[in-house]
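K.L.:
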Ligand code: ASN
């Protein structure tokens, strides 16, 4: 079949290149980041850039950056897809051990500024602190409606044998073919929820693990998406913070704990033994209680990679009764970034922050079966969303107001089906729901005519189903 621009669909992806080994070349003093090496090298590799596709592509995009385009792949349903992408490179490129909180905010802001112009985002990042960044972004990118994937490499793209090609191409293909509206981390053929991962190896290509939550996607001969676990959300806000982590060890003194919990500290992640246990020493528990009474938020997580903090043991209960809050099965990276995020919200009171620590906000912790979840305190603060149809059509973050009956039905059939498209029309259930005046699924899918469900909702005059924050 001759290649024509209209026979294929394409997704537009923005790559934010912050740095990391993936960009490095071997210099006299070891590996160092080489500016623009990555982009130039992608442009010369056919699997990352197909000049023929480039010549066929109709330039309707609002993106202003020079871009590249992948060859076509055949997606489920026989539809051909290609990924058009632009690279926004940081100057200087950073080794991720130098990443700071302001860099997380910079990434979030760059996504926010480019949110309407791209369908998905890939962040290239060093592996050393990648799981901190993916955790932080999962909280910063509130109500995310598009795919965000953080990736990098253990061996630079400049080396003949590397994991950079697989990681970058895998992230690009996932970002360009699926709407997984979460902040994810892709590494070694696996897409993880970003706030569930830790770096587990400095030399293995399988460098990350998600000990308490299954992968969202496994990329093998087939790409298998675990749709039942994929979250759906839709807006973006900023944050700022103060936090620290304290690891208990046998013989730790109350003076060390007190110094750590000095008045300028607002929150602490306490790495406890096993299922949330600490030595039963009154001086130690007293120091923790004193800080909790002063308004320091202390979150207990386990030193074990697998498992959760619970009140199974008396030694754990005494911490909780001193005012320490359970962080469940959160990773240290996630507990720290979540605490930072919550403490940076001036509208939240001390007790609301404490309540939200143990409440899953982005799927970052597993709710204990027996516990009735506290109502999200932030819900009480939210203003009633205003209806604003023009804003929705202009591409602002938006969501369709769920019809309760419809939502229940959608939950029952699960995420995979909700995201399925009907092959002939390329319409999702949400397209149909919008046409019919009720709703309940992803808002950014486009049909074969390039229209989103919101477009139809507006065109058909179903203003009551559109909400813009
Ligand atoms: N030091 C590097 C970094 O985190 C390690 C890597 O990317 N593999 O930036």
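In the numbering used here, the protein residues as written are 168 to 636.
Cβ atoms here follow ideal geometry from the backbone N, Cα and C, with glycine treated the same way.
Within the present structure, is the beta-carbon of residue 294 separated from the nearest heavy atom of ligand 1 by less than 7 Å?
P.N.:
Yes; taking the cut-off as 7 Å, the Cβ of residue 294 has a heavy atom of ligand 1 nearer than that.
K.L.:
Taking the alpha carbon of residue 382 as the point to measure from, which residue in 395, 372, 423, 342 has its own alpha carbon closest?
P.N.:
With distances taken between Cα atoms, residue 382 lies closest to 395.
K.L.:
Counting C-beta neighbours from all protein chains within 10 Å, is the total for residue 452 16 or more, i.e. buried, or is it exposed?
P.N.:
Burial call: buried.
K.L.:
Return the CA-CA distance between residue 449 and residue 499, expressed in angstroms with no decimal places.
P.N.:
For residue 449 and residue 499, the distance between alpha carbons rounds to 26 Å.
K.L.:
According to DSSP, residue 234 sits in a beta bridge with which residue or residues?
P.N.:
Residue 234 is bridged to 253.
K.L.:
Excluding five sequence neighbours on each side, which residues of the same chain lie with their C-beta closer than 6 Å to the C-beta of residue 524?
P.N.:
Closer than 6 Å at Cβ, skipping near neighbours: 466, 492.
K.L.:
Classify residue 625 as helix, strand or coil using the three-state DSSP reduction.
P.N.:
Reduced to three states, the DSSP call for residue 625 is helix.
K.L.:
On the CB-based measure, 16 or more other CB atoms within 10 Å of its CB, does residue 180 come out buried or exposed?
P.N.:
With 16 or more Cβ atoms within 10 Å of its Cβ, residue 180 is classed as buried.
K.L.:
Buried or exposed for residue 219, going by 16 or more other Cβ atoms inside 10 Å?
P.N.:
Exposed: under 16 other Cβ atoms inside 10 Å.
K.L.:
So the alpha helix (DSSP H) residue 334 belongs to, where does it begin and stop?
P.N.:
Per DSSP, residue 334 belongs to the alpha helix (DSSP H) from 331-344.
K.L.:
At which residue ranges does the region 375-442 contain complete alpha helix (DSSP H) runs of 4 or more residues, listed in the order of the chain?
P.N.:
Segments of the alpha helix (DSSP H) lying fully in the region 375-442: 421-427.
K.L.:
When you measure from the CB of residue 187 to every non-hydrogen atom of ligand 3, does any distance come out below 7 Å?
P.N.:
Looking for ligand 3 in the displayed structure turns up nothing; the ligands present are ligand 1.
K.L.:
Counting pairs of Cβ atoms below 8 Å between the region 267-285 and the region 472-482, do you hit three or more?
P.N.:
No, because fewer than three Cβ pairs between the region 267-285 and the region 472-482 fall closer than 8 Å, the two stretches do not touch.
K.L.:
Helix, strand or coil, according to DSSP, for residue 573 in the structure here?
P.N.:
Confidence in residue 573 is poor, its pLDDT being 32 and thus under 50, which makes the residue's placement unreliable; the coordinate value appears in the next sentence. DSSP places residue 573 in helix when its eight states are reduced to three.
K.L.:
Quick check: does the Cβ of residue 321 come within less than 7 Å of any heavy atom belonging to ligand 1?
P.N.:
Yes; taking the cut-off as 7 Å, the Cβ of residue 321 has a heavy atom of ligand 1 nearer than that.
K.L.:
I need the straight-line Cα distance from residue 361 to residue 373, nearest angstrom please.
P.N.:
Rounded to whole angstroms, residue 361 to residue 373 spans 15 Å at the Cα level.
K.L.:
State the CB to CB distance for the pair residue 201 and residue 190, rounded to an integer number of angstroms; the pair is presumed to be in contact (CB under 8 Å).
P.N.:
Confirmed, about 6 Å.
K.L.:
Can you check whether the CB of residue 352 is closer than 8 Å to the CB of residue 298?
P.N.:
It is a contact, given that the beta carbons lie within the stated cut-off.
K.L.:
What residue range is occupied by the uninterrupted beta strand (DSSP E) comprising residue 185?
P.N.:
Unbroken beta strand (DSSP E) run through residue 185: 175-186.
K.L.:
Using 10 angstroms around the beta-carbon of residue 388, count the other beta-carbons present and answer buried if the total reaches 16, otherwise exposed.
P.N.:
Exposed, by the Cβ-count rule.
K.L.:
Quick one: is residue 460 buried, meaning 16 or more other Cβ sit within 10 Å of its Cβ, or exposed?
P.N.:
Exposed.
K.L.:
Given this structure, state the Cα-to-Cα distance separating residue 534 from residue 363, to the nearest angstrom.
P.N.:
If you take the alpha carbons of residue 534 and residue 363, they lie about 14 Å apart.
K.L.:
Residue range of the alpha helix (DSSP H) that residue 192 falls in?
P.N.:
Per DSSP, residue 192 belongs to no alpha helix (DSSP H); it is in the beta strand (DSSP E), 191-194.
K.L.:
How long is the line joining the alpha carbons of residue 165 and residue 349, rounded to whole angstroms?
P.N.:
Within the shown structure, residues of the chain are numbered from 168 to 636, placing residue 165 beyond reach of any answer.
K.L.:
Which partner residues of residue 247 appear in the DSSP bridge assignment?
P.N.:
Paired residues: 175, 241.
K.L.:
Just checking residue 262 against ligand 1 - is the residue's beta carbon closer than 7 Å to any of the ligand's heavy atoms?
P.N.:
Yes, the Cβ of residue 262 comes within 7 Å of a heavy atom of ligand 1.
K.L.:
So what does DSSP say about residue 353, is it helix, strand or coil?
P.N.:
Three-state DSSP puts residue 353 in a strand.
K.L.:
Looking only at DSSP bridge pairs, what is residue 360 linked to?
P.N.:
In the DSSP output, where bridge partners are listed per residue, residue 360 has 351.
K.L.:
Between the alpha carbons of residue 516 and residue 433, how many angstroms are there, rounded?
P.N.:
Taking the straight line joining both Cα atoms gives about 12 Å.
K.L.:
Quick one: measure Cβ to Cβ for residue 358 and residue 322, integer angstroms, because I've assumed they're closer than 8 Å.
P.N.:
Actually they do not touch by this definition, with Cβ atoms about 20 Å apart.
K.L.:
Name the one or two DSSP bridge partners that residue 318 has.
P.N.:
Answer by DSSP bridge pairing, in chain order: 291.
K.L.:
Along the chain, where does the beta strand (DSSP E) that runs through residue 464 open and close?
P.N.:
Here the beta strand (DSSP E) through residue 464 covers 464-469.
K.L.:
Are the beta-carbon atoms belonging to residue 531 and residue 365 less than 8 Å from one another?
P.N.:
Taking 8 Å as the Cβ cut-off, residue 531 and residue 365 do not qualify as a contacting pair.
K.L.:
In angstroms with no decimal places, state the Cα-to-Cα distance between residue 259 and residue 447.
P.N.:
Whole-angstrom Cα-Cα distance: 49 Å.
K.L.:
In whole angstroms, what is the alpha-carbon distance linking residue 514 and residue 233?
P.N.:
One C-alpha to the other measures close to 41 Å.
K.L.:
Residues in the same chain with beta-carbon distance under 8 Å from residue 415, minus the five sequence neighbours each way, listed in chain order, please.
P.N.:
Result list for residue 415: 437, 438, 439, 440, 445, 446, 470, in chain order.
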